[in-house]
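Just so you know, we're using the working numbering here: the sequence shown kicks off at 2 and counts up by one. Before any comments, here is the structure.
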Amino acid sequence: MLVDDALRATELLRQFDGPIVDVGSGGGSPGIPLALALPDRDVTLLEASRRKCDFLERWAPPNARVVWGRAEEQEPDTYGVALAKALAPPPVAAELCLSLVRPGGAAILWVGASADLSVVARVSSLLGGDVPEERDGLVVLRKLAPTPPGFPRRAGMPKKRPLA
């Protein structure tokens, strides 16, 4: 079930070039199944917990690398696609992911049916993103412009003081 859920994004990922980052990789989903499904793409499994990174390093396929750190500490506008599943509420996940994506790329979020996309849209517009597109329970936020000055905010601030 977890693998099938992760693989829902496979066709969407093929629409965007560049490396992929799974923000808050945790147990490896969706990053590891997608890295296996797309062996020609570089995938970064970004995780803040050292213990979880140790686990990910044992299971990561050759095209995936594990990075111990927080999204707020990474270089902005680096990746073609940022993924988030069960990372944070959708507006917070949008902020954390869009900061990492370069213009022309996208953030893809796994969201529930109750997600308020109008709030996600406000966050997206602040970070150079487009209006959210919902596709089969996934929200796609295309990045139109570089990450503005002041983003990413310092570690912990997106969750402590959400933009929306």
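Don't be surprised by glycine CBs; every beta carbon is placed ideally from N, CA and C. Keep in mind that this is a model prediction, so the values were computed, not measured.
- DSSP assignment within the region 69-140 yields the following whole beta strand (DSSP E) runs of 3 residues or more, N-terminal first: 80-86, 102-111 and 134-136.
- DSSP places leucine 13 in the uninterrupted alpha helix (DSSP H) bounded by 11-14.
- Scanning its chain for C-beta atoms nearer than 7 Å, with the 5 sequence neighbours on each side dropped, one finds around glutamate 96 the residues Val124, Leu128, Pro159 and Leu164, in chain order.
- Cβ atoms of alanine 72 and proline 153 come within 8 Å of each other, at about 7 Å.
- Spanning the alpha carbons of glycine 19 and aspartate 43 requires a straight line of approximately 8 Å.
- Exclusion of the five residues before and after glutamate 74 leaves Ala156 as the residues of its chain whose Cβ lies within less than 7 Å of its Cβ.
- Boundaries of the alpha helix (DSSP H) harbouring leucine 57: 51-60, taken from the DSSP string.
- Glutamine 16 has its alpha-carbon roughly 28 Å from the corresponding atom of cysteine 54.
- Here the region 61-68 makes no contact with the region 3-13; the two share fewer than three CB pairs at distances below 8 Å.
- If you ignore the 5 residues before and after valine 102, its C-beta comes within less than 6 Å of the C-beta of Tyr80, Ala83, Ala108 and Lys144, all in its own chain and listed in chain order.
- Taking all protein chains in view, the Cβ of valine 140 is crowded by 16 or more other Cβ atoms within 10 Å, so the residue is classified as buried.
- In this model, alanine 116 and alanine 89 are separated by some 12 Å (Cα to Cα).
- For alanine 38, the secondary structure class from DSSP, reduced to helix, strand or coil, is helix.
- Collapsing the DSSP output to three states places leucine 47 in a strand.
- Where aspartate 23 is concerned, the enclosing beta strand (DSSP E) starts and stops at 21-24.
- One thing to note: proline 31 has its Cβ within 9 Å of the Cβ of leucine 8.
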